[in-house]
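Undergrad:
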Amino acid sequence: MIRLFVKEDLGKGIIFLSPQHVHYLHNVMRLKAGSWIEVFNGRDGGWKAICLEKTNKQLDVVESFADQPVALPALHLYISLFKRLDWALEKSTELGITHIHPIITQYSSVHRFNKDRSERIVQEAAEQSGRYTVPDILPVVLFEKALSSVSGGWVAHKDLFERKHDTKQSSDFFHNNLWIGPEGGWSPHEIKMFQNHSEIRPVCLNSLCLRSETAVVVGLTALKYISV
C-alpha cells in the first residue's frame, strides 16, 4: 500500500493533500478515485484513507490500523556537507536516525544546503521504509558551533588521533552522537578541537578509507548495535 507523510492531525474525516502529493498520486502512481493508501504524520500512528476524486486532491481518512510506536532512541548525526548528501540522508533515515545536523567543515566540498529538499528526501525515505516518524533536520551550522553545543560523541576517522582514553575504564561510555566528516577529511584545526573535547571518542569504521556516505551507513549501524 502506498504510504504518505502528511503534516495534518489525523482522525476520521477529510484532509486535503499538498500539490506535491497530488502530483505523485495522480501523475506518477496513476491512482483512481476509491484507491486506498496509508497516511501518517509522526504522531498519530498509521491510518487508512480513500482517494475521493479523480485528481486525488482529497482523502477520506477512515480507520486507524497502527498505533504510534514507542519513540526511537535518539540518534544524532553530525554530517559535513558533501556531494552525495542526499543518498546519506535517505540511508540514515532507513537506519533510524532521529536528528540530522548538517555542518560546514574546513574541507567541505559543498557549502550550500537546501533544507526543503532534504526534508522531502527524509520524508520519502520514511514512507518507503515503513517508519512512522521522520527525522528532524536542524539548520546548517559551522563545525565549531556544532561541536561547542554537544556533550560528547563518536567521531569517525581511520586514524584520527592517538587514543587518550582507556577503553577498559570507559566501557560504559555512550553518547548517541556520530560525527562524519567530508571526503577531504577533518582539518588539523578540527582534529585539535576533537582532541580538546573530553567526551569525544575516535572510532575506526574500517581498515580502509571510506567515502563519507559509506561511513554514515557503517557508523550508524555500529552506533545502533552498541546502544541496544
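Just so we're aligned: 723 in this note's numbering is position 148 of the sequence shown, and the numbers increase by one with no gaps anywhere.
Cβ atoms here follow ideal geometry from the backbone N, Cα and C, with glycine treated the same way.
For Asn752 and His732, I'd like the C-alpha separation in whole angstroms.
TA: Taking the first residue of the sequence shown as position 1, residue 752 is located at position 177. Taking the first residue of the sequence shown as position 1, residue 732 is located at position 157. When rounded, the distance between both Cα atoms is 14 Å.
Undergrad: Please go through the region 658-723 and give each complete beta strand (DSSP E) segment of 3 or more residues, from N-terminal end onward.
TA: Counting only runs of 3 or more, we get 674-679.
Undergrad: Could you spell out where the alpha helix (DSSP H) holding Glu765 opens and where it closes?
TA: Here residue 765 is taken as the residue at index 190 of the sequence shown, counted from 1. Pro763 to Gln770 is the extent of the alpha helix (DSSP H) around Glu765.
Undergrad: Ignore the nearest five residues each way along the sequence and tell me which others in Val614's own chain have a CB closer than 7 Å to its CB.
TA: By 1-based counting over the sequence shown, the position of residue 614 is 39. Contacts found: Leu579, Val581, Leu585, Trp622, Ala624, Leu634 and Val636.
Undergrad: Leaving out the 5 sequence neighbours to the left and right, which residues in its chain are closer than 7 Å to Leu722 when beta-carbon positions are compared?
TA: By one-based count along the sequence shown, residue 722 stands at place 147. Here the set comprises Met768 and His772.
Undergrad: Here's the rule I'm using: 16 or more other beta-carbon atoms within 10 Å means buried, otherwise exposed. How should Ser782 be labelled?
TA: By one-based count along the sequence shown, residue 782 stands at place 207. Ser782 should be labelled exposed.
Undergrad: Count the other CB atoms, across all protein chains shown, that sit within 10 Å of the CB of Ile654; report buried if there are 16 or more and exposed otherwise.
TA: If you number the sequence shown from 1, residue 654 lands on position 79. So Ile654 counts as buried.
Undergrad: In angstroms with no decimal places, state the Cα-to-Cα distance between Glu669 and Arg706.
TA: Here the question's residue 669 lines up with position 94 in the sequence shown. Here the question's residue 706 lines up with position 131 in the sequence shown. Rounded to the nearest angstrom, the two C-alpha atoms are 8 Å apart.
Undergrad: Kindly give me the distance between the Cβ atoms of Gly728 and Thr680, rounded to whole angstroms, as I take these residues to be in contact under 8 Å.
TA: By 1-based counting over the sequence shown, the position of residue 728 is 153. By 1-based counting over the sequence shown, the position of residue 680 is 105. With a Cβ gap of about 15 Å, Gly728 and Thr680 do not count as contacting.
Undergrad: According to DSSP, is Pro648 helix, strand or coil?
TA: In the sequence shown, the residue the question calls residue 648 occupies position 73. Looking at Pro648 - three-state DSSP - the assignment turns out to be coil, as it is neither helix nor strand.
Undergrad: With a threshold of 8 Å on Cβ separation, who are the neighbours of Arg695 within its own chain once the five nearest residues in sequence on each side are excluded?
TA: Counting from 1 along the sequence shown, the entry for residue 695 is found at position 120. Hits under 8 Å: Gln595.
Undergrad: Would you kindly report the start and end of the unbroken alpha helix (DSSP H) that includes Pro757?
TA: Locating residue 757 in the sequence shown gives position 182, counting from the first residue. No alpha helix (DSSP H) holds Pro757; DSSP gives it neither H nor E.
Undergrad: Which word fits Asp691, buried or exposed, when buried means at least 16 other C-beta atoms lie within 10 angstroms of its C-beta?
TA: On the sequence shown, residue 691 is found 116 positions in, with the first residue counted as 1. That one is exposed.
Undergrad: Distance check for Ser639 and Lys587, CA to CA, integer angstroms please.
TA: As a position in the sequence shown, residue 587 is number 12, starting the count at 1. As a position in the sequence shown, residue 639 is number 64, starting the count at 1. If you take the alpha carbons of Lys587 and Ser639, they lie about 8 Å apart.
Undergrad: Kindly indicate which three-state DSSP category Val793 falls into: helix, strand or coil?
TA: As a first step, residue 793 is located in the sequence shown; it is residue number 218 there, counting from the start. Correct three-state label for Val793: helix.
Undergrad: May I ask you to report which of helix, strand or coil DSSP gives Val725?
TA: Locating residue 725 in the sequence shown gives position 150, counting from the first residue. DSSP places Val725 in coil when its eight states are reduced to three.
Undergrad: Please report the distance separating the alpha-carbon of Ser787 from that of Val793.
TA: The residue labelled residue 787 in the question sits at position 212 within the sequence shown. The residue labelled residue 793 in the question sits at position 218 within the sequence shown. So the two alpha carbons sit approximately 10 Å from each other.
Undergrad: Relative to the alpha-carbon of Lys808, which residue among His750, Gln643, Leu647 and Asn602 has its alpha-carbon at the smallest distance?
TA: With the chain running from 576 to 803 in the structure shown, residue 808 is simply not present.
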